[in-house]
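Taking it in order: structure first as structure tokens, then the write-up.
Here's what the structure looks like:
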């Protein structure tokens, strides 16, 4: 099988969506499948694709925005090499116009992997998107919540496959020497460390986390909050104002010495390992955050908001670590509840990792994605052979 993957911008700063696509493509290559990449903008992940991809092709757009762009779109389409037993694999639903053109003209399957919240409604006036969405052979969603939302939009249930994100348990694992790691980070061994990993924008609820942490600091002084990620500063003033207010908030609450903005952290493994608890305070319907399963694979418990796909990751005993979105009081209570787990429940870290090993490994996710692709390639191949024999 040969995967023709469609990416927007292969850049690690874009979040889990782009890193997940790279994980899938690289893993499928390691299983003997061919991979070609189409992309719009260059990013820091591109060199990693070049290490294993048969073709790496930059295109100008995945849809025709204006009539004068039609010729360029056709040129891009013709630049995509033809390969046997291929499948088009789109990383997001609004890139599927090019994917649809490739799939229908070459009689190969089109699979769309949705790692973002489903649209609240479809733009019926966008005829290109409407045709391409209806032409998707199979959807893969990272949570059951997204599947439910797609069904509400009118898509057939049998076209939607839920495959939760998986993580590399060989990379994300507990620290070999916790005391030494704390020393390297210059953090006292007895300090209680909370961390957040993700982009910094309003839907992530980081200000709710800072306010809840402030409440915790009022009763427990030996605590720290590490915030890793880059701000999403839109061109409009609203985005800029949010980032400034987020920076000022710790000072306004009198906790500026306890809160550190780390910026983009390339080695998130070390950050998870040095932390006592990770927090995902998202306000919006978080699809299925990689940070949750990465942290737990490192033996670090997670407190997460009860929204989107997060309750599908924090199941069983870990359901007790869910809090109501944008509720700083509830978040404070959950943080306080699990604060002293190393002393009060020392096997919790091991149980976190066991939960991930059992349910959310990268290998398990790749098995399911590969199965969907092979099934569609086989199904289409049988249809073509049947037509030829007729």
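In our numbering, the protein residues as written are 1124 to 1513.
Cβ coordinates follow ideal geometry from the N, Cα and C atoms, glycine included.
Predicted, not measured: the structure shown is a model, and the values here were computed from it.
Would DSSP call residue i helix, strand or coil?
i: residue 1445; result: strand
i: residue 1502; result: helix
i: residue 1207; result: coil
i: residue 1267; result: helix
i: residue 1320; result: strand
i: residue 1131; result: coil
i: residue 1339; result: helix
i: residue 1351; result: strand
i: residue 1414; result: helix
i: residue 1358; result: Residue confidence is low: residue 1358 scores 49 on pLDDT, short of 50, so the model does not pin down where it sits. No coordinate-derived value is stated.
i: residue 1235; result: strand
i: residue 1396; result: helix
i: residue 1136; result: helix
i: residue 1423; result: coil
i: residue 1183; result: coil
i: residue 1483; result: coil
i: residue 1261; result: strand
i: residue 1438; result: coil
i: residue 1284; result: strand
i: residue 1514; result: No statement about residue 1514 is possible, as the shown extent of the chain runs from 1124 to 1513 and does not include it.
i: residue 1433; result: helix
i: residue 1223; result: helix
i: residue 1274; result: helix
i: residue 1143; result: helix
i: residue 1455; result: helix
i: residue 1369; result: helix
i: residue 1228; result: helix
Can residue i and residue j be called in contact, C-beta distance under 8 Å?
i: residue 1329; j: residue 1339; result: no
i: residue 1283; j: residue 1499; result: no
i: residue 1403; j: residue 1429; result: no
i: residue 1136; j: residue 1387; result: yes
i: residue 1258; j: residue 1302; result: no
i: residue 1332; j: residue 1383; result: no
i: residue 1219; j: residue 1266; result: no
i: residue 1240; j: residue 1408; result: yes
i: residue 1212; j: residue 1236; result: yes
i: residue 1420; j: residue 1288; result: no
i: residue 1248; j: residue 1318; result: no
i: residue 1422; j: residue 1297; result: yes
i: residue 1433; j: residue 1412; result: yes
i: residue 1146; j: residue 1485; result: yes
i: residue 1161; j: residue 1130; result: yes
i: residue 1493; j: residue 1151; result: yes
What residue from the options has the CA that sits closest to residue i's CA?
i: residue 1377; options: 1317, 1284, 1334; result: 1334
i: residue 1426; options: 1435, 1132, 1325, 1415; result: 1415
i: residue 1281; options: 1260, 1433, 1350, 1397; result: 1260
i: residue 1253; options: 1223, 1267, 1237; result: 1223
i: residue 1396; options: 1248, 1417, 1410; result: 1417
i: residue 1232; options: 1486, 1489, 1128; result: 1128
i: residue 1381; options: 1315, 1139, 1161, 1131; result: 1315
i: residue 1439; options: 1375, 1211, 1422, 1482; result: 1482
i: residue 1503; options: 1221, 1463, 1229; result: 1229
i: residue 1166; options: 1194, 1132, 1344, 1319; result: 1132
i: residue 1321; options: 1299, 1344, 1305, 1351; result: 1351
i: residue 1155; options: 1205, 1175, 1163; result: 1175
i: residue 1268; options: 1209, 1298, 1410, 1472; result: 1410
i: residue 1336; options: 1452, 1149, 1242; result: 1452
i: residue 1163; options: 1215, 1208, 1209, 1467; result: 1215
i: residue 1370; options: 1308, 1323, 1501, 1272; result: 1323
i: residue 1305; options: 1181, 1394, 1501; result: 1394
i: residue 1327; options: 1189, 1343, 1450, 1392; result: 1450
i: residue 1308; options: 1344, 1341, 1385; result: 1385
i: residue 1238; options: 1273, 1209, 1245, 1244; result: 1273
i: residue 1221; options: 1201, 1185, 1392; result: 1185
Between which residues of its own chain and residue i is the CB-CB distance below 7 Å, once the five residues before and five after are set aside?
i: residue 1173; result: 1179
i: residue 1461; result: 1400, 1424, 1426, 1444
i: residue 1217; result: 1252
i: residue 1459; result: 1339
i: residue 1441; result: 1478
i: residue 1134; result: 1141, 1166, 1167, 1168
Can you give me the Cβ contacts of residue i inside the same chain, cut-off strictly under 8 Å, excluding the 5 residues immediately before and after it?
i: residue 1497; result: 1124
i: residue 1495; result: 1234, 1261, 1263, 1284, 1286
i: residue 1177; result: 1125, 1157, 1158, 1159, 1204, 1206
i: residue 1456; result: 1446
Excluding five sequence neighbours on each side, which residues of the same chain lie with their C-beta closer than 6 Å to the C-beta of residue i?
i: residue 1448; result: 1406, 1428, 1430
i: residue 1187; result: 1193, 1196
i: residue 1358; result: In this prediction, residue 1358 scores a pLDDT of 49, lower than 50, which makes its location untrustworthy; the coordinate-derived value is nonetheless stated afterwards. There are no such residues.
(message) With three or more beta-carbon pairs closer than 8 Å as the criterion, would you say the region 1361–1378 touches the region 1469–1476?
(response) No, the region 1361–1378 is not in contact with the region 1469–1476.
(message) For the region 1267–1280 against the region 1290–1298, do three or more pairs of beta-carbon atoms, one drawn from each stretch, fall closer than 8 Å, so that the two count as touching?
(response) Fewer than three Cβ pairs drawn from the region 1267–1280 and the region 1290–1298 lie within less than 8 Å of each other, which leaves the two stretches out of contact.
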